[in-house]
Amino acid sequence: MASALVLCRFLHFTVVLMLFGAWVYKPLLLGRESTLDRTLTRISRWLAALALVSGVCWLLLITASMAGAWDAALEPSTLRLVLGSTFFGQVWSWHLLFNGLLLALLLTPLRTHLPLRLILGGSLLATLAPVGHGAMLDGVEGRWLMLNQLVHLACVGIWLGGLMLLVMILRRPAGHDIRALLQRFSGVGYIVVAGLLITGLINVRVLTGAFWPTPLLSGFALILLIKVMLIATMLGLALFNRLRIKDCEQRLSALRKSVIAEWLLGIGAVAAVSLLGTMPPMIAG
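Printed below as a string of structure tokens:
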């Protein structure tokens, strides 16, 4: 059950983050471009459907875990109890509602309305913040932790979704000024990376009581170290591409492979986060 929950969390987090991030970057990288915009809308529709399916599976797995039996996940009375009487269930009711509304929007002529997509995508992202370690603390401290988690998820999503959109553009670069696109992408990227690092450090400090949990090579600390190494490698690739921006149009193939590698490393970091969310942080002392 634990392995299934980690896989479900990973799948759900990944698609929600990429949806939100791609839409944030869309006006910056695509503008009014029609061909790739239609492709993005079609991909978004499938991602929203996958998010809804994985979100429902997440609910069923949590219900089975709370009840201690697989068949309890399919009992309406048990589901109603989880949705109505637990913090997770109350948050997840809104989360699934936003997900359903988003999918419905993407199936109507309003699917091209970017502000509506951002509002629903942002609401979907916001209702992920209280899930997991974000709900560990009560009162004012708990609210600040959830807010920090929301900013952290938004930064991850913008970076990951932006990379997905950049991969789409680099696969069909005709008609695009790649150098200008990369400059705009990296301009936002500086802010996103700064936000990601600051909020990540705050999360670690609040959850563990230390700037880094110990022992270093076991449990929560080990997975956190893997996540940090993946992000550091992403930053290294991003810096390399930024330094080589002048000749980017002469090395499109290498650039495309580098951005795909950076994107996959980001997805790997989300996988590490999904596992971390199921593990108790090690409190210092």
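Using UniProt numbering, you'd call the opening residue of the sequence shown number 1 and step up by one each time. Positions of the beta carbon are idealized from the N, C-alpha and C atoms, including for glycine.
It is roughly 39 Å from the alpha-carbon of Leu-110 to the alpha-carbon of Lys-246.
Between the alpha carbons of Ile-169 and Gly-68 lies a distance of about 47 Å. Gly-121 and Thr-127 have their C-alpha atoms some 10 Å from each other. In the same chain as Pro-173, and ignoring 5 residues on each side of it, the C-beta atoms closer than 7 Å to its own belong to Leu-252, in chain order. Collapsing the DSSP output to three states places Gly-31 in coil. Cβ-Cβ distances below 7 Å link Gly-266 to Trp-159, Leu-160, Leu-163, Met-234 in the same chain, with the five nearest sequence neighbours on each side left out; the list follows chain order. The straight-line gap separating the alpha-carbon atoms of Ala-22 and Thr-78 is approximately 37 Å. When DSSP states are grouped into helix, strand and coil, Glu-75 belongs to the coil group. When the beta-carbon positions are compared, Ala-261 and Leu-237 come within less than 8 Å of each other. Taking 8 Å as the cut-off, the beta carbon of Val-151 is found closer than this to the beta carbon of Gly-195. Beyond the five residues adjoining it in sequence on each side, Cys-8 comes within less than 8 Å, by CB distance, of Ser-54, Cys-57, Trp-58, Leu-61 in the same chain, given in chain order.
For Ser-44, the closest alpha carbon among the candidates Ala-154, Met-18, Arg-205 is that of Met-18. For the alpha helix (DSSP H) assignment, the uninterrupted runs of no fewer than 4 residues enclosed by the UniProt domain "Copper resistance protein D" (180 to 276) are, from N- to C-terminal side, 219 to 243, 252 to 276.
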